[in-house]
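**Student:**
Take a look at the structure:
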């Protein structure tokens, strides 16, 4: 079983819910490292001062912030005066509807697992959020940083999803295209969307590059020659000169792919002579 990345308490009014967080996602390998091509030695990086060229130990290093051509060095004493966030408390700041949270704000998801001593309040909070159709906006400290997050019910568990702070979400850097009102083209585009619509099945998607890289590693490890696969030519699509015709042709292609293409008309049976 994976290790918990955080443990603490959700503060639900006067009720305390002891919990642990487990990461929902994991980076699937293989991960490549850097080596000296000549002798296979692993490449290591040293902490070197750019002023005097000295290699430094961790105790010699301070944190700072660049200001123009200079820098401001920040000491632990300077940080003592900053407002503290309770390190082991998930504080519920508000209860909101989930559809009020723009998906663009989601950062990373964690499973919220109950501690044995807090099963009853955990189940109560999960059931209450599910029944109300609400989620809890919370703040808590993770890795010495204050985090904004959303806690919601998901199946039989609670899920915590960290959020970007509002000032971390960039404004749209481009202007929206001008409005074009062509009902015929719009209908054809909607028809294409309907023809392409299916149930989402995540298990049918694979990281082909990662799988191919794993095959290369296994071949090299076994001393086999690496087979080079001919790369498929990318189809950039034909130049669209008639958007409506292209949409209609795309609808027919999508239907054929799903086995819904137009069937040939049945031949009429000849009438028997009286």
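Residue numbers (the working numbering): 18 to 291.
C-beta atoms are modelled at their ideal positions from N, C-alpha and C, and glycine is treated no differently.
Keep in mind that this is a model prediction, so the values were computed, not measured.
Would you mind working out which of 266, 229 and 264 sits nearest residue 247, comparing C-alpha positions?
**Tutor:** 229
**Student:** Decide if residue 131 is buried, meaning its Cβ has at least 16 other Cβ atoms within 10 Å, or exposed.
**Tutor:** buried
**Student:** Do the region 146–159 and the region 105–122 make contact, defined as three or more Cβ pairs closer than 8 angstroms?
**Tutor:** yes
**Student:** Give the C-beta separation of residue 234 and residue 47 to the nearest angstrom, bearing in mind that I take them to be a contact with Cβ-Cβ under 8 angstroms.
**Tutor:** 6 angstroms
**Student:** If residue 52 and residue 59 are in contact, beta carbons under 8 angstroms, what's the gap, nearest whole angstrom?
**Tutor:** 6 angstroms
**Student:** Applying the 10 Å Cβ sphere with the 16-neighbour rule, what's the burial state of residue 187?
**Tutor:** exposed
**Student:** Can you grab the Cα-Cα spacing for the pair residue 118 / residue 135, in whole Å?
**Tutor:** 28 angstroms
**Student:** What does the alpha-carbon distance come out to for the pair residue 54 and residue 45?
**Tutor:** 25 angstroms
**Student:** Just curious, the alpha helix (DSSP H) that residue 233 is in, first and last residue?
**Tutor:** 225–238
**Student:** Quick check: the Cα distance between residue 28 and residue 177, rounded to an integer number of angstroms?
**Tutor:** 14 angstroms
**Student:** Which same chain residues end up closer than 8 angstroms to residue 275 when comparing Cβ atoms and leaving out the 5 residues on each side of it in sequence?
**Tutor:** 212 and 215
**Student:** Could you name each continuous beta strand (DSSP E) segment of 3 residues or more that falls completely within the region 108–170, going from the start of the chain to the end?
**Tutor:** Secondary structure in the region 108–170: the beta strand (DSSP E) runs of 3 residues or longer, each lying completely within the stretch, are 123–131 and 151–159 in chain order.
**Student:** Residue 260 by DSSP, collapsed to three states: which one?
**Tutor:** helix
**Student:** Could I get the ranges of all uninterrupted alpha helix (DSSP H) runs contained in the region 65–109, with 4 residues as the minimum, in chain order?
**Tutor:** For the region 65–109, whole alpha helix (DSSP H) runs of length 4 or above, ordered along the chain, are 93–96.
**Student:** Buried or exposed: residue 196, going by 16 or more other Cβ atoms within 10 Å of its Cβ?
**Tutor:** exposed
**Student:** Tell me the DSSP secondary structure of residue 219 in three-state form.
**Tutor:** Helix, per DSSP.
**Student:** Report the option in 191, 133, 105 and 194 whose CA atom is closest to the CA atom of residue 155.
**Tutor:** Cα-wise, what sits closest to residue 155 is 105.
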